Amino acid sequence: MDEDYPPGTSFCLKEDKSTDGEMSTLTGNSNIDSRRRIKEQFRRQKEALVRLIERQRHQLEEGGKHLIWKRKSEQSLIHDVVIIFPPKGYVIMDSLQNLINKLVPQLLVEKKALANKNEQAFYISAEHEWLQETATILGYLPESNVNQGSSSSPSKSTKSFSSNLSAATRQNIIRYYLNTLRWFKESSSFDESMVSQMKLIDGEAIIPKLLQLKYIKQILPLHDEEALSQLRNSWASDFLAPQPLKKIYSYFGIKIALYFAFLGHYTYSLIVPGVTGLLISLSCGDQFINDVCLTLFPILLTIWSSIYLESWKNYCSSLTSQWSSNSCNLQLIDVRPQFHGIVTRKGSHGIAEIFYPPWKRKLFFYFITIPVMGLSLLIVFLSMFHMLHFQTWWDDVAIGEQFYPRWTSYFPKVLFGLVIHILDVVYEKIALWLNKKENYQYQETYESNLMIKLVLFQFVNSFLSLFYIAFYIGDMNKLREQMIALLITRQVIGNIKESLWPFVTQSYKLSPTLSASDVSQAELESSLYSYESTFEDYLELYIQFGYVALFSVTFPLAAFCALINNLIEIRSDAFKLCVTYQRPFSIQGNRNLLIWEKAMNIMIYVSIVVNCSLLVKSGQLERLLPMLNQSQIIITGVILEHLLIIIKLAIEKFDCNSVINYFVYNYSQLVGTTTSVKLAQAKEKKTD
1 MDEDYPPGTS FCLKEDKSTD GEMSTLTGNS NIDSRRRIKE QFRRQKEALV
51 RLIERQRHQL EEGGKHLIWK RKSEQSLIHD VVIIFPPKGY VIMDSLQNLI
101 NKLVPQLLVE KKALANKNEQ AFYISAEHEW LQETATILGY LPESNVNQGS
151 SSSPSKSTKS FSSNLSAATR QNIIRYYLNT LRWFKESSSF DESMVSQMKL
201 IDGEAIIPKL LQLKYIKQIL PLHDEEALSQ LRNSWASDFL APQPLKKIYS
251 YFGIKIALYF AFLGHYTYSL IVPGVTGLLI SLSCGDQFIN DVCLTLFPIL
301 LTIWSSIYLE SWKNYCSSLT SQWSSNSCNL QLIDVRPQFH GIVTRKGSHG
351 IAEIFYPPWK RKLFFYFITI PVMGLSLLIV FLSMFHMLHF QTWWDDVAIG
401 EQFYPRWTSY FPKVLFGLVI HILDVVYEKI ALWLNKKENY QYQETYESNL
451 MIKLVLFQFV NSFLSLFYIA FYIGDMNKLR EQMIALLITR QVIGNIKESL
501 WPFVTQSYKL SPTLSASDVS QAELESSLYS YESTFEDYLE LYIQFGYVAL
551 FSVTFPLAAF CALINNLIEI RSDAFKLCVT YQRPFSIQGN RNLLIWEKAM
601 NIMIYVSIVV NCSLLVKSGQ LERLLPMLNQ SQIIITGVIL EHLLIIIKLA
651 IEKFDCNSVI NYFVYNYSQL VGTTTSVKLA QAKEKKTD
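In terms of UniProt numbering, the sequence shown opens at residue 1 and continues consecutively.
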């Protein structure tokens with residue numbers, strides 16, 4: 001029987017009684033056998049590798065099926081909200097359930113263990129009649145709806161209410177009452193040792209405290225599979241379909257709906273500069289025509305961006321007024337669970353409130369936040385300087401002397417784009433830590449201050465190298481190549497990071513070890529990434545808008561690249577929300593959107609100054625107006641800059657309702673909304 005020997009095994013004959021011919025025959029046979037064994041070993045390794053790849057592919061497919069379709073196996077409308085408890089929180093579960101039953105008996109709490117995790121959960125729903133009354137009190141339902149319902153029988157009223165009240169509204173009401181639960185010493189169901197361990201204060205809100213101490217892992221609203229399936233089919237899966245903004249608002253709330261309205265409005269508005277930039281790039285054979293087009297292009301961009309921003313304000317106002325009429329009249333302000341301070345008493349009932357002295361926040365801001373931000377910006381500058389030095393070395397030595405292919409000059413630029421992304425990720429963690437230490441009470445205030453930190457850093461990190469090349473080195477070709485590399489690298493990394501990577505990782509996590517009968521809806525959704533806010537999505541679009549508006553003279557195709565990317569972004573973001581992320585609570589309010597509008601307005605003014613300076617720096621005005629000397633060329637650039645600023649101010653100041661409403665009408669047709677058009681047309685009739 002043949003035995004397998006590892007390659008390289010030597011064979012020794014104990015008795016050498018053979019002739020030279022026999023010895024050569026034996027040696028030849030042993031070599032043949034050795035080669036056969038090596039081939040057989042390679043064949044087995046190849047088969048093992050193929051089986052491994054096939055198993056991983058099957059794992060990814062099965063995980064993806066779990067991720068997308070598993071929710072259909074349960075009736076998601078039975079429960080609305082789930083509270084997940086880690087092992088640390090088991091000691092508090094019974095006491096918390098008793099407290100909920102005592103203070104809000106209308107909330108129905110069911111305790112379950114997760115099958116495939118060492119965790120337990122509260123599945124929470126609520127009585128329909130109580131939800132109807134509470135929704136009316138909080139302002140979710142018009143009084144007329146309730147009055148109409150009261151004339152019918154209770155069963156019909158409840159049935160009518162159940163069909164009218166969305167799952168998002170039910171979840172918001174449950175969340176509101178969970179956050180109002182407070183611990184009082186005289187009516188406590190908690191053990192004294194537990195109270196001292198948790199450091200509960202009489203009258204303190206319980207749920208934020210338990211989240212802060214990690215007795216509760218997370219609170220998440222469950223998906224409504226019927227509504228989610230409709231969104232997946234009509235929105236995430238259909239690339240050419242208009243966005244169902246009304247359904248997005250009903251399911252995800254006004255913040256997310258306004259983000260997708262903004263993304264759709266901005267994307268389709270890019271058609272004008274995108275197509276124009278494409279035509280300019282295709283007609284760049286003649287130098288004179290090219291100079292004329294590139295001189296007129298900043299003027300077009302200024303007019304376009306100004307009208308676009310004003311039309312968005314009008315469109316946003318119409319959507320907000322439409323949706324606000326159906327939203328909660330009582331603003332449910334989010335107090336951050338991480339907020340801490342001195343406990344004070346308020347009101348006749350002695351309700352505990354946390355107070356944090358403003359001077360402590362200011363002290364931390366001036367002596368910690370500002371120095372850390374300054375140091376971070378210095379690191380950005382040093383990184384940029386070394387990467388540009390590496391680019392120069394690569395062009396001069398690797399390509400010039402060692403004869404590397406010319407296309408490899410993009411390697412340092414792409415590497416620089418990766419460095420920028422890494423710095424963004426690192427600084428985001430630093431900014432989150434700084435913002436956490438500044439200890440803001442409300443979520444909107446927290447996000448506004450975080451926005452200022454991140455926008456400042458990302459603006460410098462994304463555009464500093466371009467400013468350096470444009471105004472210090474003065475090489476327009478290098479500026480164009482750098483901008484192409486940074487823009488495309490950022491878009492590719494962004495799409496992979498937001499949608500593809502979460503889907504792949506979650507698919508592997510949920511794959512073959514879990515059968516369809518094992519995984520509950522809550523367990524599946526608790527394993528997904530949590531969607532924090534629209535902040536990062538707006539920040540991504542803001543930086544992209546900077547690439548489009550700034551340095552457009554050197555790279556007119558930036559708007560076209562952004563247009564193609566955003567057409568994909570609409571569906572990838574929809575896929576992200578419908579498949580790979582947990583359902584967020586539909587929080588009301590859009591005050592942070594006003595800050596983004598102001599930031600984009602500032603970007604437009606900066607782009608006017610930059611593009612006019614580049615026209616002078618690149619020599620285009622000098623070639624168009626050869627009769628002028630250098631001083632006159634600079635004066636011409638300043639005059640053009642002032643003219644564009646006047647045009648921008650005119651569009652902002654004067655009554656442009658007819659133009660703006662025209663844009664609103666066209667954009668609303670493209671994104672699939674008609675109510676905003678009616679509001680805009682009604683406004684125009686009143687003006688006439």
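Where is the CB? At the ideal position from N, CA and C, for every residue including glycine. Please read these numbers as outputs of a predicted model, since none were measured by experiment.
{"Item": "Where Phe122 sits in the DSSP three-state scheme", "Value": "strand"}
{"Item": "Counted within 10 angstroms of its Cβ, other Cβ atoms place Lys362 as buried (16 or more) or exposed", "Value": "exposed"}
{"Item": "N-terminal and C-terminal residue of the alpha helix (DSSP H) that residue 760 is part of", "Value": "This structure gives no information on residue 760, because the portion of the chain shown stretches from 1 to 688."}
{"Item": "Which listed residue (Tyr410, Phe411, Trp394) has its alpha carbon closest to that of Phe403", "Value": "Trp394"}
{"Item": "Whole runs of the beta strand (DSSP E) within the segment 81-142, excluding any shorter than 3 residues", "Value": "81-85, 107-113, 120-126"}
{"Item": "Where Asp286 falls, given that 16 or more other Cβ within 10 Å makes a residue buried", "Value": "exposed"}
{"Item": "Reduced DSSP secondary structure (H/G/I, E/B, other) of Ile78", "Value": "coil"}
{"Item": "Beta-carbon proximity of Ala567 to Thr267, cut-off 8 Å", "Value": "Before going on, a small fix: residue 567 reads as Leu here, not Ala. Cβ atoms of Leu567 and Thr267: closer than 8 Å."}
{"Item": "Classification of Leu26 by the beta-carbon crowding that lies within 10 angstroms, buried from 16 upward", "Value": "Residue placement at Leu26 is flagged as unreliable, the pLDDT there being 49, under the threshold of 50; the coordinate-derived value follows with that caveat. By the neighbour-count rule (16 or more Cβ atoms within 10 Å), Leu26 is not buried but exposed."}
{"Item": "Cβ distance (whole Å) where Glu622 is taken to contact Ser533 below 8 Å", "Value": "48 Å between Cβ atoms; not a contact."}
{"Item": "In chain order, each alpha helix (DSSP H) run of at least 4 residues that lies wholly inside the segment 235-275", "Value": "245-252, 254-269"}
{"Item": "Phe654 versus Ile484: straight-line alpha-carbon distance, rounded", "Value": "37 Å"}
{"Item": "Contact under 8 Å by Cβ, Thr554 with Arg480", "Value": "yes"}
{"Item": "Any 3 or more C-beta pairs closer than 8 Å across the segment 525-545 and the segment 441-461", "Value": "yes"}
{"Item": "Where Glu569 falls: helix, strand or coil (DSSP)", "Value": "helix"}
{"Item": "One or two residues paired with Glu204 in a DSSP bridge", "Value": "Trp183"}
{"Item": "Bounding residues of the beta strand (DSSP E) (the contiguous stretch that carries Gln218)", "Value": "218-221"}
{"Item": "Thr169, DSSP secondary structure in three states", "Value": "helix"}
{"Item": "Classification of Gly89 by the beta-carbon crowding that lies within 10 angstroms, buried from 16 upward", "Value": "buried"}
{"Item": "CA-to-CA distance, His223 to Ile307, given in whole angstroms", "Value": "38 Å"}
{"Item": "Any 3 or more C-beta pairs closer than 8 Å across the segment 132-140 and the segment 549-563", "Value": "no"}
{"Item": "Contact set for Ser305: own chain, Cβ-Cβ below 7 Å, skip 5 residues either direction", "Value": "Ala549, Ile604"}
{"Item": "Cβ distance (whole Å) where Ala126 is taken to contact Leu108 below 8 Å", "Value": "6 Å"}
{"Item": "Cβ shell of Ala227 (< 6 Å), same chain only, five flanking positions each side left out", "Value": "Tyr251"}
{"Item": "4-residue-minimum alpha helix (DSSP H) runs that sit fully inside the segment 612-638, ordered along the chain", "Value": "620-624"}
{"Item": "Burial state of Glu143 (16 or more Cβ within 10 Å)", "Value": "Because Glu143 sits at a pLDDT of 39, beneath the cut-off of 50, its placement in the model cannot be relied upon, and the following sentence gives the value as read from the coordinates. That one is exposed."}
{"Item": "Cβ-based burial, Trp569 [other Cβ within 10 Å; buried from 16]", "Value": "According to the sequence displayed, residue 569 carries Glu and not Trp. Counting Cβ neighbours within 10 Å, Glu569 comes out buried, since at least 16 surround it."}
{"Item": "Spatial neighbours of Arg336 in its chain, beta-carbon cut-off 8 Å, leaving aside the 5 residues before and after", "Value": "Pro208, Tyr440, Gln441, Tyr442, Gln443, Tyr446"}
{"Item": "Proximity test, Thr180 beta-carbon vs the ligand MG heavy atom, cut-off 7 Å", "Value": "Ligands in the displayed structure: none, and consequently the ligand MG is not present."}
{"Item": "Strand pairing of Tyr315, partner residues [DSSP]", "Value": "Bridge partners of Tyr315: none, in fact."}
{"Item": "Rounded separation between Ser631 and Glu641 - CA only", "Value": "15 Å"}
{"Item": "C-beta atoms of Leu644 and Ile299 nearer than 8 Å", "Value": "yes"}
{"Item": "Whole-angstrom distance between Leu524 and Leu211, CA atom to CA atom", "Value": "21 Å"}
{"Item": "Alpha helix (DSSP H) runs wholly inside the segment 440-515, at least 4 long, in chain order", "Value": "443-468, 476-495, 501-510"}
{"Item": "Beta-carbon proximity check, Tyr177 vs Val104, cutoff 8 Å", "Value": "yes"}
{"Item": "CB contact flag (Phe239, Arg583, <8 Å)", "Value": "no"}
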